Amino acid sequence: MAPSISSSRLRREARSALAPVRLRAAGVTLLCALLSILPPAAALGLAALSLWDQPFLFPAQLVLLEGLAAVCAWYMLAAGTGYVSYTLRLSRGEEAGCWCLLEGFARPGRVLAVALALLVRLLPWIILTALALWGGIWAVEWAGYWALLLLLPCGAGLLCLWVWLALRCALVPFLLVDQPGLGPFRVVERSSSWMRGRKGALLLLRLSFLGWGILSVLTLGLLGLWSCPYFRTANARFYDTVQDQEEIHMPLTF
Numbered sequence: 094m095a096p097s098i099s100s101s102r103l104r105r106e107a108r109s110a111l112a113p114v115r116l117r118a119a120g121v122t123l124l125c126a127l128l129s130i131l132p133p134a135a136a137l138g139l140a141a142l143s144l145w146d147q148p149f150l151f152p153a154q155l156v157l158l159e160g161l162a163a164v165c166a167w168y169m170l171a172a173g174t175g176y177v178s179y180t181l182r183l184s185r186g187e188e189a190g191c192w193c194l195l196e197g198f199a200r201p202g203r204v205l206a207v208a209l210a211l212l213v214r215l216l217p218w219i220i221l222t223a224l225a226l227w228g229g230i231w232a233v234e235w236a237g238y239w240a241l242l243l244l245l246p247c248g249a250g251l252l253c254l255w256v257w258l259a260l261r262c263a264l265v266p267f268l269l270v271d272q273p274g275l276g277p278f279r280v281v282e283r284s285s286s287w288m289r290g291r292k293g294a295l296l297l298l299r300l301s302f303l304g305w306g307i308l309s310v311l312t313l314g315l316l317g318l319w320s321c322p323y324f325r326t327a328n329a330r331f332y333d334t335v336q337d338q339e340e341i342h343m344p345l346t347f
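Every position in the sequence shown, counted from 1, becomes a number in my numbering once 93 is added.
Printed below as a string of structure tokens:
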């Protein structure tokens, strides 16, 4: 059985790490949000506008749009990887700055390979979910709204399944950054292995930030400039705690 992990201790350590750089962390968070959202939104928006007046799309145009969407998805993953590096360095008291946001673009192939490895591992569950949703739609059409009495618990079960999968893969971004020597599939496997017996602790940690998330939405994201680095640094502390318990500690080599 995995040793217990205290959510309150992780939050306290995150606050301590952020105390000297709170304003800078908010600025880096804002920069990361702009860097992650604006270029893909602009690219997809321009592509949509260029095709707006066409009555139908040719297959080649659809392929180009799908390719552009895939590139934008990779771009956002790379930007998010840089923010993981930033918060991980903050949590360890190491030097961190805006330059960390570019670290995800330093190894584009690795970011893509790990994302594809994760997709392959999740593919059976994605297919199962798609079949369940298709079966639910068919049941409603065949049996009417009485089928909802059966679909509601099934939907709750699917939600619990994906929460469990998300917790199982929660350490993948940190392992991607912190252990560059691991192969893509080994990153996913190690996350699954390290999270065995620790999913409940991470779930409690993340639920403890639920109030901050609601307040961030109510303030149109302004509070998120403070709560997001707090949340991510606490998750980085969770990763380091698990790593120490596994008796493995490697310095950042990005």
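Ideal placement from N, C-alpha and C gives every residue a C-beta, glycine not left out. Please read all numbers here as calculations on a predicted model, not as lab measurements.
Trp227 is classed as exposed because its beta carbon has fewer than 16 other beta carbons within 10 Å across all chains shown. Taking 8 angstroms as the cut-off, the beta carbon of Leu205 is found no closer than this to the beta carbon of Ala172.
The Cβ atoms of Ala294 and Ser184 do not sit closer than 8 angstroms to each other.
The Cβ atoms of Met288 and Leu268 lie no closer than 8 angstroms to each other.
According to the DSSP assignment, Gly229 belongs to the alpha helix (DSSP H) that extends over Pro201 to Ala236. With at least 16 other beta carbons inside 10 angstroms of its own, Leu211 counts as buried. In this structure, the straight-line span from the alpha carbon of Trp257 to that of Lys292 is close to 8 angstroms.
The Cβ neighbour count for Ala110, taken over all protein chains shown within 10 Å, is at least 16; the residue is labelled buried. Taking 8 angstroms as the cut-off, the beta carbon of Ala140 is found no closer than this to the beta carbon of Leu170. Under the three-state reduction of DSSP, Asp333 is assigned to helix. Between Gly197 and Thr174, the C-beta gap is smaller than 8 angstroms, which places the two residues in contact. Under the DSSP assignment, Gly304 falls in the alpha helix (DSSP H) whose first and last residues are Leu303 to Leu311. Between Thr222 and Pro322, the C-beta gap is not smaller than 8 angstroms, which leaves the two residues out of contact. A distance below 8 angstroms between beta-carbons, with the five flanking residues on each side excluded, links Leu124 to the following residues of its chain, in chain order: Cys191 and Leu194. Straight across, the Cα-Cα distance linking Ile219 with Leu157 is about 25 angstroms. Per DSSP, Trp287 is one residue of the alpha helix (DSSP H) stretching across Pro277 to Trp287.
The straight-line gap separating the alpha-carbon atoms of Leu298 and Pro273 is approximately 26 angstroms.
Taking a C-beta distance under 8 angstroms as the contact criterion, Arg104 and Ser309 do not qualify as a contact pair. Each residue's CA atom was taken as its position, placing Trp235 and Leu216 some 28 angstroms apart. The shortest CA-to-CA distance from Gly138 to any of Gly120, Ala112, Leu252 and Cys165 is the one to Cys165. Taking C-beta atoms as the reference points, Pro277 and Val207 count as a pair closer than 8 angstroms.
Ala263 sits in coil when the DSSP states are folded into three classes, being neither helix nor strand. With a cutoff of 8 angstroms on beta-carbon distance, Ser129 and Val270 are scored as not near each other. The beta carbons of Trp305 and Ser286 sit no closer together than 8 angstroms.
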